[in-house]
Amino acid sequence: MAIETHTITLANAEDVRLATRAASPFSIEIIVGRDTVRLQRVRFGVAGQAFSDTNYAFLRRFETIPWGSIRAVPRFSGGTEITYKVRSGRDFTGNPEV
Numbered sequence: 316m317a318i319e320t321h322t323i324t325l326a327n328a329e330d331v332r333l334a335t336r337a338a339s340p341f342s343i344e345i346i347v348g349r350d351t352v353r354l355q356r357v358r359f360g361v362a363g364q365a366f367s368d369t370n371y372a373f374l375r376r377f378e379t380i381p382w383g384s385i386r387a388v389p390r391f392s393g394g395t396e397i398t399y400k401v402r403s404g405r406d407f408t409g410n411p412e413v
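First residue of the sequence shown? That's 316 in our numbering, and the numbers climb one at a time after it.
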C-alpha cells in the first residue's frame, strides 16, 4: 500500500536487509547503483535463496507468511551507495519500472 524510496551505503561485504514484510506482497527495485549489488529473497521467514545478480526482486503474499525479506550485498570489493524503491500492498505490480 506504499511506495518508498531509500538511499543506503553498503560497506565491503556487508549484508543489509532492504525490506521485510509480513503477509503482504512487495518488491525491491534498484534505481541508482544498478548492477552494483546482489539481491537475495528470504521466503517463509527462513528459506533464503542464493544471491543473484539482478536489479529487481519480489515476494508474493504467500511467500511472506509469516514474513519475508530481501537482502543485498555489494557485487564488488569496496563500498557502494544505492537508491532503491520498495513497492508493497496494492502498489505491488510484479513488474520493474526501469
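Glycine included, each C-beta is placed from N, C-alpha and C at the ideal position.
The structure displayed is predicted, hence computed values, not measured ones.
- Straight-line spacing of the CA atoms in V347 and T335 works out to 21 angstroms.
- In the three-state reduction of the DSSP assignment, G404 falls in the helix class, which pools H, G and I.
- Assignment of F373 by DSSP, reduced to helix, strand and coil, places it in the strand class.
- Only buried fits E344, as 16 or more other CB atoms lie within 10 angstroms of its CB.
- Contact between A338 and R356 does not hold, since the beta-carbon distance rounds to 16 angstroms and is not under 8 angstroms.
- Here R405 is not near E378, since their CB atoms are 8 angstroms or more apart.
- Note on geometry: alpha-carbon atoms of R375 and A387 lie some 18 angstroms from one another.
- The Cβ-Cβ distance between P389 and T351 falls below 8 angstroms.
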